[in-house]
Amino acid sequence: MSVQLPPYRPIKHRSGLKVMGAAFHALLMRELQTRFGGYRLGYLWAPLEVLFQVLVMLIIFSAIRERLVPGMDFSLFLVAGLVPFRMFQKIGTRALGAVEANQGLLMYRAIKHIDVIIARSFLELVIYFFTSILLLLGLAFFDIYASLDSLHVILFCWVTFFLFSFGVALIMMVVGYYGGEISKVMTLIFTILFFTSGIIYPIHIVPEPFFSYLLYNPFIHNIELMRHAFAPNYPMYHIDMGYFLKWMFGVNFIGLLLYKYAERGMIRSR
Numbered sequence: 009m010s011v012q013l014p015p016y017r018p019i020k021h022r023s024g025l026k027v028m029g030a031a032f033h034a035l036l037m038r039e040l041q042t043r044f045g046g047y048r049l050g051y052l053w054a055p056l057e058v059l060f061q062v063l064v065m066l067i068i069f070s071a072i073r074e075r076l077v078p079g080m081d082f083s084l085f086l087v088a089g090l091v092p093f094r095m096f097q098k099i100g101t102r103a104l105g106a107v108e109a110n111q112g113l114l115m116y117r118a119i120k121h122i123d124v125i126i127a128r129s130f131l132e133l134v135i136y137f138f139t140s141i142l143l144l145l146g147l148a149f150f151d152i153y154a155s156l157d158s159l160h161v162i163l164f165c166w167v168t169f170f171l172f173s174f175g176v177a178l179i180m181m182v183v184g185y186y187g188g189e190i191s192k193v194m195t196l197i198f199t200i201l202f203f204t205s206g207i208i209y210p211i212h213i214v215p216e217p218f219f220s221y222l223l224y225n226p227f228i229h230n231i232e233l234m235r236h237a238f239a240p241n242y243p244m245y246h247i248d249m250g251y252f253l254k255w256m257f258g259v260n261f262i263g264l265l266l267y268k269y270a271e272r273g274m275i276r277s278r
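Mapped onto the working numbering, the consecutive letters of the sequence shown carry residue numbers 9 to 278.
Now the structure itself:
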């Protein structure tokens with residue numbers, strides 16, 4: 009009696025891009041579930057959080073906002089600066105605990121540590137970009153309109169801000185893994201950056217020599233250019249986007265270098 013064997017089916021090997029895509033999808037779904045799965049309002053928490061911050065600052069600065077920001081409504085001024093900076097802050101701080109938080113998924117060889125950073129950073133980009141759109145629509149309801157004549161400039165500012173944030177996230181991941189107590193200093197650094205990036209005040213009201221010192225902060229150049237794109241009458245002084253791009257490439261180079269150096273140690277700790 010002969011035994012019939014099942015027909016031979018060759019094993020399909022997935023390409024590297026497909027494996028990376030599957031890993032990215034799994035990490036993204038896990039991040040969505042972790043961030044918003046336990047709340048009734050779900051994804052609405054992201055825009056509500058930023059909206060609350062904008063409202064608080066509008067109340068605090070309502071008496072002096074018209075005098076401080078010529079050529080631009082203060083609420084639009086805040087949205088253009090606060091939302092992208094909050095994205096950068098979230099990407100950086102969440103990268104500190106990325107390795108520990110995803111230790112279970114990192115057991116799979118197909119998932120690399122950099123995949124975790126890509127998924128987390130991309131999620132924050134989507135959340136805060138659409139939060140910005142919702143806030144702009146909300147301002148339009150109150151007859152506060154943003155100019156979209158320079159939409160390409162606005163998108164360019166968002167993309168480069170995100171790429172800068174991604175480079176910082178790579179650095180923060182390594183710092184969070186090896187840094188120990190040093191990682192706690194990062195919160196203080198982000199706070200200093202918030203108050204020196206012109207988020208809640210226009211930089212042209214700062215007198216010399218402090219104004220020249222502020223221009224060493226790369227975020228100012230991106231944020232001020234975005235504000236000028238939203239409101240062409242908003243004054244734009246000494247803004248050098250090339251300076252910001254140099255920082256962006258430098259931060260990404262350092263981030264990738266640190267990741268390459270630390271990758272073997274992080275893999276052995278799985």
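Even glycine gets a Cβ: it sits at the ideal position worked out from N, Cα and C.
**Message:** Spatial neighbours of E57 within its chain, please: C-beta separation below 6 Å, excluding the five flanking residues on both sides.
**Reply:** For the purposes of this step, residue 57 is taken as the residue at position 49 of the sequence shown. Counting only Cβ-Cβ distances below 6 Å, and skipping sequence neighbours, we find nothing.
**Message:** Quick check: the Cα distance between F169 and F96, rounded to an integer number of angstroms?
**Reply:** The sequence position of residue 169 within the sequence shown is 161, counting from 1. The sequence position of residue 96 within the sequence shown is 88, counting from 1. Just so you know, the alpha carbons of F169 and F96 end up roughly 7 Å apart.
**Message:** List, from N- to C-terminal side, the alpha helix (DSSP H) runs of 4 residues or more that fit wholly inside the stretch 121-147.
**Reply:** Those alpha helix (DSSP H) runs which fall completely within the stretch 121-147 and span 4+ residues do not exist here.
**Prompt:** Ordered along the chain, which non-local residues of its own chain (more than five positions away) have a Cβ less than 7 Å from that of G79?
**Reply:** Taking the first residue of the sequence shown as 1, we reach residue 79 at position 71. Closer than 7 Å at Cβ, skipping near neighbours: A239, N241, Y242, P243.
**Asked** Just how far apart, CA to CA, sit R102 and N230?
**Response** On the sequence shown, position 94 is the one that residue 102 refers to. On the sequence shown, position 222 is the one that residue 230 refers to. Approximately 22 Å, taken between the alpha carbons.
**Cβ distance (whole Å) where S129 is taken to contact I99 below 8 Å** = Taking the first residue of the sequence shown as 1, we reach residue 129 at position 121. Taking the first residue of the sequence shown as 1, we reach residue 99 at position 91. About 5 Å; that satisfies the 8 Å criterion.
**Request:** Note down the Cα distance separating V161 from A237, rounded to an integer number of angstroms.
**Result:** Residue numbering aside, residue 161 sits at position 153 when the sequence shown is read from its first letter. Residue numbering aside, residue 237 sits at position 229 when the sequence shown is read from its first letter. Whole-angstrom Cα-Cα distance: 7 Å.
**Prompt:** Would you call the stretch 136-148 and the stretch 210-230 touching, i.e. three or more CB-CB distances under 8 Å?
**Reply:** The answer is no - the stretch 210-230 does not touch the stretch 136-148, with fewer than three Cβ pairs under 8 Å.
**Asked** In this structure, does DSSP put Y16 in helix, strand or coil?
**Response** For the purposes of this step, residue 16 is identified with residue 8 of the sequence shown, where counting begins at 1. In this prediction, Y16 has a pLDDT of 44, which is less than 50 and means its spatial position is unreliable; what the coordinates show is noted afterwards. Correct three-state label for Y16: coil.
**Item:** Alpha carbon of Y245 to alpha carbon of S83, nearest angstrom
**Value:** The residue you call residue 245 lines up with position 237 of the sequence shown. The residue you call residue 83 lines up with position 75 of the sequence shown. The alpha-carbon atoms of Y245 and S83 are separated by roughly 21 Å.
**Request:** Indicate whether V259 and G175 have their beta-carbon atoms separated by less than 8 Å.
**Result:** On the sequence shown, residue 259 is found 251 positions in, with the first residue counted as 1. On the sequence shown, residue 175 is found 167 positions in, with the first residue counted as 1. Against a cut-off of 8 Å, the Cβ pair of G175 and V259 comes out as a contact.
**Message:** Between F198, P217, K120, E132, which has its C-alpha nearest R272's C-alpha?
**Reply:** Working through the sequence shown from its first residue, we reach residue 272 at position 264. Answer by Cα proximity: K120.
**Asked** To the nearest angstrom, how far is it from the Cα of L131 to the Cα of P215?
**Response** The residue given as residue 131 occupies position 123 in the sequence shown. The residue given as residue 215 occupies position 207 in the sequence shown. Roughly 38 Å separates the two Cα atoms.
**Item:** Minimum C-alpha distance to K254 - residue among F172, V91, I68, P210
**Value:** On the sequence shown, position 246 is the one that residue 254 refers to. Ranking F172, V91, I68, P210 by Cα distance to K254 puts F172 first.
**Asked** Helix or strand or just coil, what does DSSP make of P78?
**Response** For the purposes of this step, residue 78 is identified with residue 70 of the sequence shown, where counting begins at 1. Coil at P78, not helix or strand.
**Through-space distance from I179 to I262, alpha-carbon basis** = If you number the sequence shown from 1, residue 262 lands on position 254. If you number the sequence shown from 1, residue 179 lands on position 171. The straight-line gap from Cα to Cα measures roughly 7 Å.
**Prompt:** How would you write the range of the alpha helix (DSSP H) that Y224 sits in, first residue to last?
**Reply:** Within the sequence shown, residue 224 is the residue found at index 216, counting from 1. Going by DSSP, Y224 is part of no alpha helix (DSSP H) at all; its letter is neither H nor E.
**Request:** At 4 residues or longer, and completely inside the stretch 179-223: list those alpha helix (DSSP H) runs for me, N to C.
**Result:** 193-203, 218-222
**Request:** With DSSP as the reference, label H160 as helix, strand or coil.
**Result:** Residue 160 sits at position 152 when you count from the first residue of the sequence shown. In the structure shown, H160 sits in a helix (DSSP, three-state: H, G or I).
**Asked** Are F85 and S205 touching if we call contact CB-CB under 8 Å?
**Response** Counted from its first residue, the sequence shown places residue 85 at position 77. Counted from its first residue, the sequence shown places residue 205 at position 197. No; because the gap between Cβ atoms is not below 8 Å, this pair is not in contact.
**Message:** Here's a check: name, in chain order, each residue in its chain whose Cβ is nearer than 7 Å to the Cβ of Y251, leaving out the five neighbours to either side.
**Reply:** Here residue 251 corresponds to residue number 243 of the sequence shown, with the count starting at 1. Cβ within range, chain order: P226, H229.
**Asked** Hey, how far is the Cα of L266 from the Cα of F202?
**Response** Start at 1 with the first residue of the sequence shown, and residue 266 comes out as number 258. Start at 1 with the first residue of the sequence shown, and residue 202 comes out as number 194. Roughly 25 Å separates the two Cα atoms.
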